[in-house]
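In our numbering, the protein residues as written are 151 to 1047.
Working notes, structure below.
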Amino acid sequence: MRVQYNIAYQTVFGEDLILNIIHGKTGHKESISRYRMSTNDGLHWTCEVNSQDERGAVEDYYYSVERDGCEVRCEWKTIPHRLELTGGKNAAYTVYDHWVDMPEDSYRYTTVFSDCIYHRERTPMRASTYSRTLRIKVRAPQLRAGETLVISGDVPTLGSWNLQKAVRMTEHNINEWVVNLDASKLKTDTVELKFAVVSDAPDFVPFWEEGLNRKISIPSMKSGEITVYELPQAFFPIPNTRCAGTLVPVFSLRSAGSFGVGDFGDLKQMIDWVSSTRQRVLQLLPINDTTITHTWTDSYPYSCISIYALHPQFVDLRSLPALKDKVAAEHFNTLQNELNGLDKIDYERVNEAKTAYLRLLFDQEGSRMMSTQGFKNFFEEEQYWLVPYARYCHLRDTEGTADFSRWKGNEQWKEADRAALSSPRTKAYKEVAFYYFVQYILDRQMADAHTYARNRGVVLKGDIPIGVNRYSCDVWQEPEYFHLNGQAGAPPDGFSANGQNWGFPTYNWEAMLKDGCRWWIRRFSNMAKYFDAYRIDHVLGFFRIWEIPSHAVHGLLGQFAPALGMTREEIEAYGLHWQEELFTQPFIMDWVLERIFKEHADEVRRLYVVPTHDGRYKMHPDYDTQRKVEAAFEGKTSDKDIWIRDGLYALISDVLFVRDHRDTDKFHPRISVQLDFIYESLYDSDKFVFNKLYNDYYYRRNNQFWYYEAMKKLPILVQATRMMACAEDLGMVPDCVSWVMNELKILSLELQSMPKNPDVRFGILAHNPYRSVCTISSHDMPTLRQWWDEDINRTQAYYNTVLYRGGAAPHPLPGWLARDIVAQHLACPSMLCILSIQDWMAIDESLRLDDPDAERINIPANPKHYWRYRMHVSLEDLMERNDFNYDITNLIAQSGR
């Protein structure tokens, strides 16, 4: 059959338009046929394709612009154009398309709306029985569940403007509706038409699209011809959808049947509670495996060892076959009761117990479960990562360390090992089969929870950590994607005065971009199996990451990477005379030592520094990096030792400029140096010049550069799945971040206590953009109740100027006032208002914990924080708290969410 594609697109000299027909995917890579289009005027482009597809086939395609053999622009590919070839093999199609950029309401095409909130069944288009067919296509993303698009117009075929006789359309693609009309009955050259929304629900009042009537020309057609008009999107007077939700880590859930930690069975109970209180979103922290040391330090959920593997602690033992060994079963039953009664998670005992249980179950059920078709399908689909992961886990445990540089002969994954590890008959397979078994169970349970959430109309929102552990399976398998000579972190902020050093390797973006970010696409695609929305942790890392040298402990000696470092000549052009030793070496003088170490200053002079010239000192070679100092003070915990250790850290980071990590002739002004002694020592005139240089560097110099860096990566990732993209865009945010997020329609994170507008002390909730997530506190922050008592003066200002209440602010925060704060947040314009379970409970004084400090999940300033918060109320009890649940339901209803 013949298909002629037509599109109007204004090009410039040297540009060509390309038609890209998608033939499906092989793995994560699309198979695409490319056709160069022709034009006579640079505006109207056409291309004819003789399709070999069978009748009933579906062709998805998109257009792109090419210059000098390189693609310079393409359409929004998440929802491509669709053409059903419903005619016979001799049918001739003439298609008139229009260029589709990412729409402002692209969020409506995500699975959040199409599969959770406004789920509608899509049906294939029926074959046309007309001799001449006019096909109309239009996108109408605003329609809700149960609603149908109809077309009406000024001819009898379209009902003559009578909605009772309007022609119903078919939703053949996400938010795209189509209808075939008998062209022989359209006895006119031009038809006026309009779209409307109808529903079979009782008392539903149909309504028309906004704007003037549409006019289309009816072409002259021969028998067997099908003309397809793709019309611009239809808009309706429907208010924006706003939803409420809850944030809670899976590990924090508690039920009568959990095993001392929340699991995927508890997750389904939490979904029930969310749904029953009129909420629509349940946000989780990362659920990937983090097992490095088998100690409590592995409780950090943002330090995953695999971007694919799920954490074994989340397995729901209740849904698995019972242990046949009665003695073992009774032992685990007793242990479950003991661990489940603890106020907080005992990470080590819980994981030891669950692993032991799974080992016994593997011996009992492994052969049977792994011979099922379900397991075989899972293994076939996931073997790319599953086989190396299982091998990694086996070596980690047999070698006694996750530091693969110490695995003699196995310092890196060997692809040649895959065959033996994939055959059930080999010894190598039997050594790792347990890990296949566990991941299969976890995958089935989490996928089941995801389906359960969709059926209840609840959106599961996941979390994608910005980094991976330095000793992770991902680094072991694909080291070319990582820089191991640096550490990822964050510059100083309200969470940590010294910055944050996460210890993760930084990404080798050059290598990742070379293959089209395949590693990230696989990562996002894997997330889409379990979630419909996701939070990009530290989205600033896609613009630039705070890269800390491997010899540093704190984050102050870091620099943004990539970034445009400054030459000596550029620095001097600002008026600051360049003095390399003074500016780049630690500034150590007697008065500095006295101020930092006080009565210990003489000891520091004697042991840790060496005099140089003009009253200055340098660090002793044995202590001239923070890592050397850390090693020297290992195990020393007295107040004096900690004082001296932290003071030495501060001395080492007291520099005015940091030398670029990759170009030794370039420099970066050290972050927050205005609080240090080297800055204090400058003349006032030099301080003025340095501040000008500093502000230019951090807030202006790199803006355009970072914009282009982000636009190399984020468009690929945002369009890799139909999950809704939300970003954690807090911290030291350059202007270009909002440019990119607006362009890609990524939801921002809005906290009233951390306003993005520097001119206000507290954010104005009414000014929140619609495409945003509003919250009161995140897992990295104090809860609302903690925040209320942290800074009395700040709280008083908030009480008087934001809540508009007179007198002294009450302390601790009463439930009625917490309810008022929650209500104000729910009323804001943000699409999503997601509150932590602790902040929801703050409104009920009979339900919340007496000690607000016991509700804190994480303290970012402490890199060794133990993540062990558990809800103090079981999910069964929570469902029975009728007053509390009614209060939440009422608050959400009143807010219009």
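Beta carbons: idealized from backbone N, C-alpha and C, even for Gly.
Quick caveat: nothing in here was measured; it's all calculated off a predicted structure.
For residue i, is the classification buried or exposed, using 16 other Cβ atoms within 10 angstroms of its Cβ as the cut-off for buried?
i       : result
Lys611  : buried
Cys220  : exposed
Ser405  : buried
His763  : exposed
Thr260  : buried
Glu297  : buried
Pro186  : In the sequence under discussion, the amino acid at residue 186 is Arg, which differs from the Pro named in the question. With fewer than 16 Cβ atoms within 10 Å of its Cβ, Arg186 is classed as exposed.
Lys227  : buried
Pro641  : buried
Asn648  : buried
Tyr1036 : exposed
Asn483  : exposed
Gly913  : buried
Would you say residue i and residue j are within 8 Å of each other, going by their C-beta atoms?
i       : j      : result
Gly636  : His811 : yes
Ala870  : Val890 : no
Leu381  : Val400 : no
Ile157  : Ile172 : no
Asn240  : Tyr211 : no
Arg232  : Val208 : yes
Val305  : Thr338 : yes
Asn852  : Leu714 : yes
Ile802  : Met769 : yes
Ser188  : Trp195 : yes
Ala472  : Tyr539 : no
Asp1041 : Cys978 : At residue 1041 the sequence reads Leu, which differs from the Asp that was named. No, they are not a contact pair.
Ala503  : Leu489 : yes
Met981  : Arg294 : no
Leu313  : Leu343 : no
Pro462  : Val588 : yes
Ala583  : Met520 : yes
Between the alpha carbons of residue i and residue j, how many angstroms are there, rounded?
i       : j      : result
Tyr1016 : Lys748 : 33 Å
Met712  : Trp966 : It should be noted that the sequence gives Pro, not Met, for residue 712. In a straight line, the C-alpha of Pro712 is about 48 Å away from that of Trp966.
Ala333  : Val199 : 23 Å
Cys876  : Phe693 : 16 Å
Ser688  : Ile616 : Reading off the sequence shown, one finds His at residue 688, where the question assumed Ser. Roughly 6 Å separates the two Cα atoms.
Tyr542  : Thr441 : 11 Å
Ala242  : Met151 : 6 Å
Val500  : Leu897 : 36 Å
Met882  : Leu901 : 15 Å
Gly238  : Ala290 : 29 Å
Thr522  : Tyr507 : 21 Å
Trp659  : Ser256 : 27 Å
Leu511  : Ser408 : 17 Å
Leu843  : Asp836 : 10 Å
Phe263  : His269 : 7 Å
Phe354  : Tyr246 : 34 Å
Glu498  : Thr445 : 6 Å
Val868  : Arg672 : 12 Å
Gly644  : His727 : 33 Å
Ser469  : Gly415 : 8 Å
Gly395  : Met252 : 27 Å
Glu1030 : Thr548 : 47 Å
Is the shortest distance between the beta-carbon of residue i and the beta-carbons of chain C less than 8 Å?
i      : result
Gly550 : Considering every chain present, this structure includes no chain C. It has just one protein chain.
Pull the bridge partners of residue i from the DSSP assignment, please.
i      : result
Pro819 : Phe807
Ser302 : Lys344
Leu284 : Leu331, Thr377
Leu397 : Gln433, Ser986
Gln154 : Glu198, Thr244
Cys224 : Ser214
Gln650 : Ala640
Below 8 Å, can you find three or more Cβ-Cβ pairs linking the segment 601-621 to the segment 575-583?
no
Three CB pairs or more closer than 8 Å across the segment 449-464 and the segment 379-398
no
When you compare the segment 526-539 with the segment 477-496, are there three or more beta-carbon pairs, one atom per stretch, that lie closer than 8 Å?
no
Taking 8 Å as the cut-off, does the segment 614-633 touch the segment 919-933 (at least 3 CB pairs, one atom from each stretch)?
no
Between the segment 767-782 and the segment 676-685, do at least 3 Cβ pairs fall closer than 8 Å?
no
Touch test, the segment 815-822 against the segment 699-710, Cβ-Cβ under 8 Å, three pairs minimum:
yes
Would you call the segment 372-381 in contact with the segment 273-285, where contact means no fewer than 3 C-beta pairs closer than 8 Å?
yes
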